[in-house]
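Below: one structure, written as C-alpha cells.
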Amino acid sequence: MNAIDPSVSRADAGDLRVIKLAILAIGGQGGGVVTDWIVATAERNGWVAQSTSVPGVAQRTGATIYYVEMAESDGRQPVLALSPSQGDIDIVVAAELMEAGRAVQRGFVTPDRTTLITSSHRSFGVLEKTAPGDGIGDAEAVTGVLEIAAQRLLIADMEKMAQEAGSIISSSLFGALAGSGTLPFDRESFEETIRESGKGVTASLRAFASGYEAAKGATPAPATLHAPAATPLFDAGPAGPADLVDAYGRLLARIEGEFAPPVRSMLRSGLQKVVDYQDLAYGSEYLDRVADLARLDDPAGEHALSIAAAKYVANAMAYDDVIRVADLKTRQARFERVRNETRATDDQVLTITEYMHPRGEEVCGMLPARLGAAIEARPKLLAWLDRRVNKGRRVRTDTIRWFLTLYALGGMRRYRRALLRHRHETAHIEAWIEQVRAVSPRNHALAVEILKCRRLIKGYSDTHARGVSKYDQVLSAVPMLVDREDGADWLRRLREVALKDEDGVGLDGSLRMVAELDGTTQTAG
Amino acid sequence: MAERSFAREVEKLRLGAGEDFSGEGILAVTKALLQSGVGYVAGYQGAPISHLMDVLADAQDILGELGVRFEASASEATAAATLAASVHYPIRGAVTFKSTVGTNVASDALANLSSGGVLGGALVIVGEDYGEGSSIMQERIHAFAMKSQIWLLDPRPNLTSLVDIVEKGFELSEASNTPVMLEMRIRACHVHGHFTARDNVRPTMTTAEALASPRRDTNRIVLPPANFAHEREKIEARWPAAIDYIRRERLNEHFGPADGKIGIVLQGGMYNGVIRALQRLGLADAFGESQVPLYVLNVTYPLVDEEFLEFAAGKKAVLVCEEGQPNHIEQALGLMLHKAGSDTVLAGKDPFPVAGEYTGTVMLSAIRSFISGHAPALLTDRYRSPNDPSGAGFEKILADNVPVRPAGFCVGCPERPIFASMKLVEKELGTHHVAADIGCHLFSSLPPFNIGATTMGYGLGPASASAFNVKSDKRSISVMGDGGFWHNGLTSSIGNAVFNENDDVILIVDNYYSAATGGQDIPSSRADNRSRSTNHPIEQAVRGVGVDWVRTVDRTYDVTKMRDTLKEALTSPEPGPKVIVASSECMLNRQRRERPLVQKAIASGERQVKQKFGVDEDVCTGDHACIRLSGCPSLSVKRLDDPLRDDPVAAIDQSCVGCGNCGEVAEAAVLCPSFWRGDIVHNPTAMERRMARLRTRVIGWLQSRRASRRLAFAKAA
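Just so you know, the protein sequences line up as chains A and B, in that order.
Quick note, the first sequence lines up with residues 0 to 524 if you use numbering that gives the first Met the number 0.
Quick note, the second sequence lines up with residues 0 to 716 if you use numbering that gives the first Met the number 0.
Shown next as C-alpha cells:
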C-alpha cells in the first residue's frame with residue numbers, strides 16, 4: 000500500500016511535509032489533554048503546530064474530535080487547516096475501540112496512509128447499555144474492519160494500562176503515539192512534555208511507558224481484545240466436606256454416563272449452579288429433569304434441545320428469591336469482592352449498605368406453602384402485609400445485627416422446598432416442561448424455542464412480574480405456531496421482540512401479526 | 000467562579016510588546032481588546048466564547064490597573080445594552096456572546112444602538128456555533144448585521160489576523176460611527192497558535208471619567224424625528240465612511256497572481272480551508288502561495304463594490320466561497336456584476352452545497368468542480384478526476400456496531416435523579432407534555448430518559464407551555480435550569496404564569512451554576528464570589544413574583560421525595576403555578592472543588608468518608624432496568640464468563656463518585672437488591688477500628704462456619 004505515490008494523497012505541494020493527526024475520544028476522556036501535549040511536543044522540537052476542536056455539548060459523554068497539524072518550518076508560517084478531511088489524515092488516535100470505528104466511518108482512516116492507534120477497550124454507548132437483553136456492539140467485527148481500513152493498526156487496552164499506572168488514558172495513548180514512531184521526535188521530548196504539565200507526573204509517565212512499549216511491540220499483542228474464552232467452571236472441582244465432594248463426584252459421573260458429549264459442558268455449569276443454590280439432592284433433581292427432556296431430543300439434531308434444557312432448567316430451578324439474595328450477600332467471597340472493588344486498604348474501615356425493597360409477595364413467598372397461600376388468597380390481608388413491609392430498606396451487612404438477619408435468611412435454604420415461592424416456581428417449571436413435552440413430537444424446533452423462552456423471566460419484583468407476563472404472552476402464540484414449519488422462527492422472533500420491548504407495545508403488534516398469520520393459514524388450509 | 004482557576008491564561012494577558020503569545024484564538028482576542036485600549040467589556044457565557052468571560056472574570060487585577068470595567072451580564076440583551084456607554088462618550092467597548100442564539104436575545108439593544116450610532120468604538124464579538132459539534136439552530140449572523148447595519152468582520156483564522164482585526168474593528172467603528180461585529184467561528188476560537196504581543200493600553204477615557212462629566216445628545220436617541228434622520232445618516236454618512244476606511248486600510252486581502260482566468264472570493268474564515276483544497280489540487284504551496292487569484296473578505300458586510308468589480312474584471316468566472324445560507328454575499332456580488340454589465344460567470348452555491356458546513360471534503364470537491372468547469376488547464380490529470388475511495392464493503396458492519404453517543408448527564412449529575420423520578424411518575428400517572436429549556440437538563444430529551452418535547456429558548460421553557468394552560472385532566476410540566484431562570488425565565492416564564500393564572504407544573508433545576516456553559520456563577524450560586532453578589536435563593540424570587548405553591552427539594556438524589564413532590568404538584572387542587580425548585584450542586588464543579596480538599600484532609604490524617612457503589616454480579620439478572628433510569632457513564636454492563644447467562648450484567652466502574660442515584664432508584668422503583676454502597680473510612684477513629692475488627696471476627700466466624708458445611712466452587716456460578 001505504501002507504493003502509491005505519496006504526493007498524490009498527501010498533496011502538500013511537495014515543498015513541506017505536513018503531518019495531520021486526528022484524535023477521537025469520548026467527552027470526559029481527556030482528548031484535549033493529549034492534543035495539548037502533542038502540540039507542546041511538536042513546538043519543543045521547533046515545529047509549527049496548530050490544533051483545533053469543537054468541544055460543544057459533546058463534552059458531556061458525546062463523541063469528540065480534536066485535530067492537529069504540524070510541520071517543520073523554516074520560520075515561515077505554513078497555512079494549516081482547521082478541520083480534518085477525508086482521506087487526508089496520517090495518524091488517527093482513538094481513545095476507545097468504537098471511536099476508531101467511527102474514524103473509519105467518517106473517512107479519516109485510509110489504507111494508503113493512516114496509522115491508526117486505538118485502545119481496544121469498550122465504553123458502551125447508552126443504547127448498548129439500556130437494551131433489556133444484550134445490546135453490545137460486535138467488537139471483533141469492528142476490529143476486523145480496522146485491520147483492513149488502516150495502513151497500520153496499533154491496538155491495545157490503553158485504558159487498562161492507564162488504570163494500572165494510576166493515570167488516565169491520555170497518558171497511555173500519548174505513549175503509544177510516541178512508540179508508534181509516526182512523529183519524528185524522540186521519547187525524551189514526549190516525556191518532557193508530561194513532566195512540564197506538572198500534574199500526576201509519575202503516574203502519567205508510567206502509563207506513557209506502557210503505551211510506548213505496547214506500540215513498540217515489546218509486549219505481545221493484546222489478548223484482551225476478544226472476549227476471554229469461556230473457562231469451564233468445574234475445572235478446579237469443588238472443595239468441602241469429603242462426603243459432599245464424593246456425592247458431587249457421583250453426580251458428575253452421571254453426566255458422563257447418561258448424556259451425550261456436546262451436552263456435558265453446559266450440564267456441569269448447570270449442576271454447579273443448582274447445587275450451589277440449594278443442595279446435592281436438588282442437583283440430582285436437575286439431572287433427572289434434563290435427562291427426561293433429553294429423551295425427546297432429535298437424534299439427528301445436534302442435541303439442541305438437550306443443551307437448551309441443561310441451560311434453562313438450571314436457571315429456572317435457581318430462581319431468584321430472598322434466600323438466594325441473602326445467601327449470596329453474606330458469603331466471604333462476596334465481602335472480599337466488595338473490598339477489592341472499593342479499593343479499601345487494610346487501614347481503612349469499610350461499611351457495606353444494601354438497598355432492599357421487599358414487598359408483601361416476597362414475605363408471603365417465604366412462608367410455609369399453606370400459610371402463604373392462605374394469605375395470598377385473602378387480598379385484603381395481603382395488602383395489609385404489603386403496607387407493613389413495602390418500603391425501601393437500607394441495611395448495613397457489615398454490622399453484626401444485619402449480617403445475622405441476612406445470614407439467618409440465607410440459612411432458610413434448607414426449608415426452601417416447603418415454602419410458597421418454591422411451590423409456585425415448581426408448578427411453573429412443570430407446566431413449562433409439560434408444554435415442551437407436548438409440542439416436541441409435533442414440532443421439535445418449536446419445543447427448543449419454548450425452552451429458550453425461559454430467558455424472558457428474570458429480575459425481581461416488578462421486573463420479574465413483567466418478565467413472567469412477557470413469557471406468558473410469547474408462549475400464548477404456541478398453539479398458533481405448532482403446525483407451522485416456520486413456527487420456531489416465529490417464536491424466536493417474538494422472544495426477541497419481547498426482550499427488547501420494555502412496555503410490551505412492540506410485542507402486542509407482533510402477536511397480532513402471528514394471529515393474522517394463523518388466520519391466513521386456516522383459510523388457506 | 001466554579002472554583003476553577005484561569006491564572007495561567009490571565010498571565011498571558013500581561014504580555015508586553017515583542018513577547019510571544021501562545022494560546023487559543025479566543026484568548027488572543029481577549030488580549031487584543033486590552034491592547035486596543037478598551038474601556039469596558041461585558042458579555043454572556045456560551046460556547047465558544049465562554050473562555051473570554053472566564054479569563055476576564057479572573058483578571059480583575061489587570062482590569063483594575065488599566066481602569067477597564069468588566070461585567071458578567073445577566074443576558075446577551077444586558078450585554079448589548081452595555082454598549083450604550085459608547086454612544087455619547089469616546090470610550091471603546093466590547094461585548095461578547097454566542098451566536099445566533101445570543102444575538103437573538105440581544106437584537107433589541109443592538110438595533111437601537113446601531114440606529115443612533117456610536118462615538119466610541121463598539122465591538123460585538125459573536126462566537127459562531129455552526130457546523131460540527133453545534134448545539135443550536137443552524138443560522139447565519141449575516142442577516143442581523145444587514146438588518147441593523149452593523150459591520151461584520153470575518154477574519155482569516157490565525158492569531159495575528161484575529162488580533163489585528165480587533166484593533167481595526169474599533170477604528171472602523173469610530174470612523175463610521177457604527178457598531179462592528181466580529182464573527183468568531185468555533186474552530187477559530189479554539190485554534191492554538193502564536194502572535195507577537197503589544198503593550199496593553201489604558202482607555203483614553205474610562206467609564207468613571209465619563210460619569211464625572213456626563214454628556215447627552217437628543218439626536219442619538221431613537222425617537223422621532225431623530226430615528227428618521229438615523230436611517231438617512233446610515234446610508235449617506237456612515238456607509239461611505241466605512242467603505243473609505245476599509246479600502247484605505249486594506250482590510251480585505253488579495254492573494255495569488257494579479258491576473259487569471261478565474262478567481263475565488265471568500266469569507267476570511269474560509270481561508271485555511273480554501274488553501275488546503277488548493278494544496279490538495281496542486282494549486283497552492285504549504286505557505287498559501289496560490290496559483291489562483293483570491294479575494295479574501297475579512298469584512299463581509301459591507302461589501303466594497305469597486306474592489307470586487309476590479310477583482311472580477313477580465314476573469315471568465317469567479318467562485319464565491321460563502322458558508323451557510325441564504326447566500327447573501329453571492330446575491331450581492333451577482334447584482335454588482337449585473338449592474339456593471341459584466342459577463343463574468345458567478346458560481347457559489349453550485350458547486351457548493353446550499354446548506355451545511357464547508358468541511359475539507361466539501362471544499363475540495365466544490366473547488367475541483369469549479370476549476371474543472373472553468374479553467375481545466377490548471378489541473379494536471381491526476382488532480383482532475385477525484386480519487387474516490389470506493390466503499391470496501393464494511394460500511395454496514397460499522398453502521399450496525401458503532402454506537403451513537405448522545406450527550407448525557409455526567410457521572411453523579413444531580414439532574415439524573417430528577418428525571419429518574421419523572422420517569423417513575425410517568426409510570427404511575429401516564430405521560431405528560433414536558434416543555435424543556437436550554438441547559439444541561441435538556442439532555443433528558445435524549446436516551447435513556449426521552450423526556451421533553453420542545454425547546455424554545457433560554458428561560459422560555461414554562462413560557463412555551465402557555466397554550467396548554469387549559470382545563471384538563473393532565474397538567475403540563477415545564478423544566479428550566481437556574482441559568483435560564485435568571486437569564487429571562489423569572490419574568491417571561493414565572494411572572495407570565497402567575498399573571499395568566501397558569502395551573503401547570505414548573506420545575507426549576509438549580510445546580511448552583513450556569514453549568515452547561517462551564518460553571519459560571521449566577522445570582523443563586525452558593526459560592527462566595529469576590530466581585531459578584533451571590534446567594535439569592537430562587538425560591539424567594541419565585542415567591543416575590545407571586546407564586547404561592549413552591550416546594551424546594553434541597554437534595555435531588557432523594558428520588559422518593561422528588562417523585563412524591565412531582566406527584567403532589569401534578570395532583571394538587573391548589574390553583575396557580577406549582578413551582579418545584581430542585582437543588583443540588585453540579586457534580587463536575589463539586590468534584591473540582593471538593594476533591595483536592597478531601598485529598599488534603601486525608602493526607603493530614605483527618606477522618607474522611609468516601610463512597611462508591613457496586614453491583615453484586617451474581618444477584619444482578621441483566622435486565623438493565625436500572626440503566627434505563629440512569630444513563631450514568633459509570634453504570635455500565637459487562638459480560639460474565641458464565642455459559643448459563645445470556646445477558647450482560649450491570650457493573651459500576653471506578654469513575655463512580657458515590658452520588659447515591661443507583662441505590663435510590665433501585666429502592667424507589669423496586670428494582671432489585673443488586674446494588675450496594677461501600678463507605679470507605681479514611682483515617683478511622685480508634686473506636687471505629689476496634690468495632691470493625693470485632694465485626695469482622697464475628698462475621699468471619701459465621702461465614703467460615705457455613706462455608707465448611709457446603710461445597711465451595713472455585714467460582715460461584
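Just so you know, even glycine gets a beta-carbon here, dropped at the ideal spot from N, CA and C.
Judged by DSSP secondary structure, M204(B) falls outside any beta strand (DSSP E); it is assigned neither H nor E.
The three-state reading of DSSP puts V481(A) in coil, since its state is none of H, G, I, E or B.
Of all residues in the region 349-367 of chain A, those with a C-beta nearer than 8 Å to a C-beta of chain B are L349, T350, I351, T352, E353, Y354, M355, H356 and R358, reading in chain order. Secondary structure of K611(B) (DSSP, three-state): strand.
Only K611, G613, D615, D617, V618, T620, G621, D622, H623 and A624 from the region 593-625 of chain B bring a Cβ to less than 7 Å from some Cβ of chain A. If you compare the alpha carbons of R694(B), P375(B), R688(B) and I679(B) with that of A343(A), the shortest gap goes to I679(B). Exclusion of the five residues before and after Y244(B) leaves L171 and A174 as the residues of its chain whose Cβ lies within less than 6 Å of its Cβ. Taking R525(B) as the centre and dropping the five residues before and after it, the same chain places the C-beta of Y511 closer than 6 Å to its C-beta, in chain order.
Apart from the 5 residues on each side of it in sequence, K560(B) sits with its Cβ closer than 7 Å to the Cβ of V552 in its chain, given in chain order. Per DSSP, reduced to three states, the secondary structure at S509(A) is helical.
Taking C-beta atoms under 8 Å as the contact rule, L181(B) and G192(B) fail to qualify, at a distance of about 17 Å. According to DSSP, residue pairing for G347(B) in a beta bridge involves P350(B). Secondary structure of H87(B) (DSSP, three-state): helix. DSSP, read as helix, strand or coil, puts H681(B) in strand. Annotation for C625(B): the continuous alpha helix (DSSP H) segment containing it runs A624 to R627.
Note that the C-beta distance between V291(B) and K315(B) is not below 8 Å. When 7 Å is used as the limit between beta carbons, D319(A) is near these residues of chain B: T620, in chain order.
P156(B) reaches chain A at L81, counting residues in chain order whose Cβ is nearer than 7 Å. In chain B, no part has a C-beta under 9 Å from the C-beta of K499(A); the shortest such distance is about 11 Å. Apart from the 5 residues on each side of it in sequence, K128(A) sits with its Cβ closer than 8 Å to the Cβ of G134 in its chain, given in chain order. Annotation: V648(B) to A685(B) spans about 39 Å, alpha carbon to alpha carbon. DSSP links V578(B) through a beta bridge to I505(B) and V549(B).
The alpha helix (DSSP H) runs of length 4 or more contained entirely in the region 521-570 of chain B are, from start to end of the chain, 537-543 and 558-570. The residue among P642(B), S371(B), G42(B) and L55(B) with its C-alpha nearest the C-alpha of E8(B) is L55(B). For G480(B), the enclosing beta strand (DSSP E) begins and ends at I476 to G480.
A581(B) sits away from V504(B), with the two beta carbons spaced by 8 Å or more. Nearest CB-CB separation between A434(B) and chain A: not below the 8 Å threshold. Nearest in C-alpha terms to R606(B), of all of R644(B), E687(B), A540(B) and D617(B), is E687(B). DSSP places R121(A) outside both helix and strand once states are collapsed to three, so it counts as coil. The distance from the Cβ of S629(B) to that of V664(B) is about 6 Å, consistent with a contact at the 8 Å cut-off. As the crow flies, the alpha-carbon of G199(A) is around 13 Å from that of E191(A). Within the region 672-686 of chain B, those residues whose Cβ lies closer than 7 Å to any Cβ of chain A are, in chain order, P672, F674, W675, R676, G677, D678, I679, V680, H681 and P683. In this model, L79(A) and A175(A) are separated by some 25 Å (Cα to Cα). Identification of chain A residues near I185(B) by a Cβ-Cβ cut-off of 7 Å yields V53, ordered along the chain.
When only Cα atoms are considered, D485(A) and V144(A) end up about 34 Å apart. Runs of the beta strand (DSSP E) spanning 3 or more residues and lying entirely within the region 21-85 of chain A occur at 47-52 and 62-70, in chain order.
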